[in-house]
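What follows is a short report on a single structure.
2 protein chains.
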Amino acid sequence: MGNHAIDAQRLTGRLRELGTIGRDADGRLARLAASEADRLGRDRLRSWLADAGLEVVVDRIGNVFGVWTPQGSGGRKPVLIGSHIDTVIDAGIYDGCYGVLSGLEVIQSLKEGGFTPTRPIAVAAFTNEEGVRYAPDMLGSLAFVGGLDLDAALATVGTDGSVFGEELDRIGYAGYAEPGFMAPHAYLELHIEQGPVLDREGVPIGAVQGVQGISWQKVTIEGDANHAGTTPMSMRRDAGQAAARVITFLRGRAVASNTPTVATVGCMSFEPNAINVIPARATFTVDLRDPDEDRLRDEEAALSAFLDRLTAEEEVSVTVERLARFEPVPFDQRIVTMVEDAARDRGLASRRMTSGAGHDAQMLARIAPAAMIFVPCLRGISHSPKEFTADADLVAGANVLLDVVWRLANEDR
Amino acid sequence: MGNHAIDAQRLTGRLRELGTIGRDADGRLARLAASEADRLGRDRLRSWLADAGLEVVVDRIGNVFGVWTPQGSGGRKPVLIGSHIDTVIDAGIYDGCYGVLSGLEVIQSLKEGGFTPTRPIAVAAFTNEEGVRYAPDMLGSLAFVGGLDLDAALATVGTDGSVFGEELDRIGYAGYAEPGFMAPHAYLELHIEQGPVLDREGVPIGAVQGVQGISWQKVTIEGDANHAGTTPMSMRRDAGQAAARVITFLRGRAVASNTPTVATVGCMSFEPNAINVIPARATFTVDLRDPDEDRLRDEEAALSAFLDRLTAEEEVSVTVERLARFEPVPFDQRIVTMVEDAARDRGLASRRMTSGAGHDAQMLARIAPAAMIFVPCLRGISHSPKEFTADADLVAGANVLLDVVWRLANEDR
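Protein chains in written order, with the working numbering: chain S, 9 to 421; chain H, 9 to 421.
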């Protein structure tokens with residue numbers, strides 16, 4: 009490879025151009041899966057893929073692939089680079105799009121540079137990663153790896169009452185290829201961190217070694233709605249007080265643990281929610297995440313034991329509903345090391361890290377050795393028009409991707 | 009007085025009868041101030057007052073008085089017994105009504121028993137004590153003691169858009185007497201506790217020595233709405249976490265203090281209130297009460313200092329809005345002792361206590377020596393159809409009122 013590098017101008021130019029597609033009258037960006045805006049974004053991507061001389065394949069769940077089959081690589085498993093171009097509502101321009109367009113850029117720059125890897129290289133844009141319009145999120149990549157019944161997935165009814173398969177057909181992206189038509193040799197995904205670690209530490213490259221496990225629970229605590237003025241502290245059954253103790257318990261534990269465990273209470277409501285009435289009911293969510301499954305189970309058990317303690321100490325009753333549970337997904341250690349090596353060879357600092365958010369890569373890891381590369385984003389802000397990554401960081405990440413893809417695409421087995 | 013006693017059947021019968029007035033199709037009781045239901049309740053009270061041979065006076069703010077001027081008492085200041093007959097929505101039958109009907113019962117039984125006190129005795133039903141339809145609560149008694157500009161009060165617009173003075177006129181209770189037309193020698197109010205203390209302790213009589221001071225504040229804490237999965241615990245500015253610390257701080261302080269201080273966080277909301285987003289904003293109310301003004305100020309200062317500490321420790325910003333502040337109202341110690349003496353003479357246990365809720369008595373205390381008598385209510389429940397006090401307790405309280413009123417009504421000065 010020597011000093012070969014991607015075309016920085018072309019990459020950042022395309023990223024900005026894609027970011028102009030799907031804006032409303034107020035300038036807010038939204039390309040929800042299988043919407044008219046998504047069609048426009050996909051059309052632009054498809055024309056870029058075709059212009060680069062790639063074969064464009066769309067599968068039945070709408071995933072779009074651009075495949076480069078260099079001379080002599082026929083019959084070998086391709087290296088797949090992927091992410092998504094659907095967005096949340098009022099989105100930034102980087103989330104997902106950066107990974108897809110970098111994949112295209114890597115292929116195009118290798119192709120134009122006259123390089124001929126021994127394996128095909130493909131770039132994929134997976135359908136409905138964000139999950140705003142249709143559930144679950146990461147639907148396209150999950151279907152691609154065989155984790156979802158295809159007909160059931162196409163029958164999914166969206167938050168707007170639309171049927172996913174019908175919408176996909178309407179926008180012209182219900183392809184013929186069966187999901188899984190391609191078995192990758194390896195999978196790479198380049199993404200903005202969507203967290204503050206790289207930005208805070210001033211490190212340009214994250215070598216992502218896995219995706220955290222996630223445990224979502226809804227807790228309801230019931231006490232008694234007595235008069236705030238006339239009920240002595242000792243005679244209260246205060247559901248709000250009990251809920252507050254859960255929050256401080258979870259935080260105290262996570263902070264003291266010196267592990268990557270994160271615990272968040274994001275939703276909270278009190279009933280009757282009156283200034284002079286002791287809360288009879290507090291309902292809140294608990295979001296626990298950990299890269300280690302045993303530790304995640306320990307956190308769940310500790311929460312459960314603490315809720316039992318509350319039942320006794322606060323004389324409240326507690327019910328818990330499980331909302332979601334995903335085990336941690338470890339990535340391929342060999343590829344993670346390649347990312348570190350590639351960064352070092354380019355003179356870039358890197359750190360190993362675990363993804364706190366979900367990504368298509370965690371689905372692809374079921375069928376191929378996979379890893380991710382993170383670049384910093386300003387103050388960790390994502391899913392917001394304030395999402396921002398400096399061009400230099402975008403280019404550095406894409407060049408590391410280039411180097412790792414090049415190595416993988418020349419592996420014999 | 010010897011063994012003279014009130015007519016238990018008449019008192020409890022009237023209480024139940026008044027409790028039938030103002031019920032909707034579902035049986036829910038509501039007599040909001042100056043409503044049609046309030047008119048019906050007032051009409052019934054007025055007919056009972058007239059039947060007992062009392063002079064009925066209505067003042068310009070709608071307070072209704074039944075005055076007994078025994079032979080030879082002319083020109084002396086009367087003993088006034090009062091409370092209210094307006095209710096909250098979906099109310100019980102005891103709150104307020106018990107005090108007014110007991111006042112009538114005391115006068116009527118003395119009158120019928122041939123007793124002739126040296127002072128007039130009057131019973132009052134004050135307008136809009138509950139404050140559900142018009143603000144502030146205790147409006148009628150506040151206006152009576154001169155604490156409110158009368159024209160401004162009559163111009164008050166209610167939660168339903170109605171104008172208080174117009175509604176009062178419509179229901180026929182806009183009287184001619186100036187509020188304050190009567191200067192009481194002393195004021196007594198008999199009320200259900202609306203708290204659990206007497207019921208829990210099995211004590212039938214509360215000798216109420218004052219009303220707690222109240223401090224209502226609204227606190228807004230602002231942090232950063234970052235991703236729950238990608239933001240390490242050490243990099244969070246979690247407004248919900250900070251709010252939880254305020255709740256546990258207040259409770260810990262109140263419990264540890266070994267004083268009657270009560271602290272309640274009744275309202276709470278998180279923003280954006282999403283399961284996977286760290287709360288950027290937590291808004292909540294703090295209700296602090298204490299019978300001692302210095303201690304109440306200490307509690308407010310401690311909260312303020314804690315909020316300052318949070319600002320530093322949690323890197324959040326905090327704003328505080330004062331919603332209401334009332335200093336504690338001490339009652340007349342001499343009358344409180346009379347209540348204890350009267351209970352003892354009737355073989356009833358009593359305890360001194362402070363009212364946690366507001367009452368008309370705290371307004372009357374501005375212009376006359378005042379005190380209150382509490383009776384137990386089941387599990388402290390009030391403002392609910394479940395509000396309940398046993399007949400024996402109702403009768404015991406009314407007899408203690410009788411004895412204290414008798415003593416006061418025969419005082420020379």
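The C-beta atom is built at its ideal place from N, Cα and C for all residues, glycine as well.
Fair warning: this is a prediction, and the values are worked out from it, not measured in the lab.
- By the rule that beta-carbons nearer than 9 Å mark a contact, S/Asp295 touches chain H.
- When Cβ pairs closer than 8 Å are counted between the two stretches, the segment 350–360 of chain S is seen to touch the segment 214–226 of chain S, the count reaching three or more.
- Shown here, S/Arg127 sits in coil according to DSSP, grouped into three states, outside any helix or strand.
- With a minimum length of 3 residues, the unbroken runs of beta strand (DSSP E) contained wholly in the segment 287–327 of chain H fall at 289–298.
- If you look at H/Met371, you'll find it in the alpha helix (DSSP H) that goes Asp368 to Leu372.
- Following the DSSP letters along the chain, one finds H/Val254 inside the alpha helix (DSSP H) bounded by residues Ala247 to Ser265.
- In the DSSP assignment, the residues bridged to S/Tyr195 are S/Leu88 and S/Ala378.
- Using a Cβ-Cβ cut-off of 9 Å, S/Phe278 is close to Val273, Gly274, Cys275, Met276, Ser277 and Phe292 of chain H, given in chain order.
- Distances from the CA of H/Gly248 to each of H/Val324, H/Ile222 and H/Thr238 were compared; the closest alpha carbon is that of H/Val324.
- One finds Gly274 in chain S with Cβ atoms closer than 7 Å to the Cβ of H/Val285, taken in chain order.
- Here the alpha carbon of H/Phe382 sits roughly 19 Å from the alpha carbon of H/Arg415.
- Here the segment 326–345 of chain S makes contact with the segment 223–232 of chain S; the two share three or more CB pairs at distances below 8 Å.
- Under the Cβ criterion (8 Å, minimum of three pairs), the segment 289–300 of chain H does not count as touching the segment 297–311 of chain S.
- Excluding five sequence positions before and after S/Leu258, the CB atoms of its chain that fall closer than 6 Å to its own CB belong to Ala271, given in chain order.
- Going by DSSP, S/Gly218 is part of the beta strand (DSSP E) stretching over Ile213 to Val219.
- With fewer than 16 neighbouring CB atoms inside 10 Å of its own CB, H/Val165 falls in the exposed class.
- In the structure shown, S/Ile343 adopts helical secondary structure according to DSSP, grouped into three states.
- In this structure S/Ala182 does not touch S/Arg52 by the C-beta definition: roughly 19 Å separates them, more than the 8 Å allowed.
- Not a single C-beta of chain H is nearer than 9 Å to the C-beta of S/Thr228.
- When C-beta atoms of the segment 346–353 of chain H are compared with those of the segment 166–181 of chain H, fewer than three pairs fall below 8 Å, so the two segments do not count as touching.
- Closer than 9 Å to the CB of S/Gln202 there is at least one CB belonging to chain H.
- In the structure shown, S/Val270 falls within a strand segment according to DSSP collapsed to helix, strand and coil.
- By the Cβ-count criterion, H/Glu201 is buried, with 16 or more other Cβ atoms from all chains shown falling within 10 Å of its own Cβ.
- Looking at the backbone, the Cα of H/Gly74 and that of H/Ala194 are separated by about 16 Å.
- Segment contact: the segment 147–162 of chain S against the segment 10–19 of chain S, fewer than three CB-CB distances shorter than 8 Å; contact not assigned.
- Assigned with DSSP and collapsed to three states, H/Ile115 falls in helix.
- Listed along the chain, the chain H residues whose CB falls inside 9 Å of the CB of S/Gly364 are His235, Ala236, Gly237, Thr238, Thr239 and Pro240.
- A direct Cα-Cα distance of roughly 8 Å separates S/Leu409 from S/Leu196.
- Within the same chain, and ignoring the five residues on either side of S/Gly237 in sequence, the residues whose Cβ sits closer than 7 Å to its Cβ are Asn284.
- For S/Asp368, the number of other beta carbons within 10 angstroms of its own is at least 16, and it is reported as buried.
- For S/Glu395, the three-state secondary structure derived from DSSP is coil.
- Residue pairing by DSSP places H/Phe278 opposite H/Ala290 in a beta bridge.
- Beta-bridge annotation (DSSP): S/Gly74 is paired with S/Val64 and S/Val131.
- At least one C-beta of chain S is nearer than 9 Å to the C-beta of H/Trp224.
- In terms of beta-carbon proximity, H/Ile389 lines the interface with chain S, with at least one pair separated by less than 9 Å.
- Boundaries of the alpha helix (DSSP H) around S/Ser149: Leu147 to Phe152.
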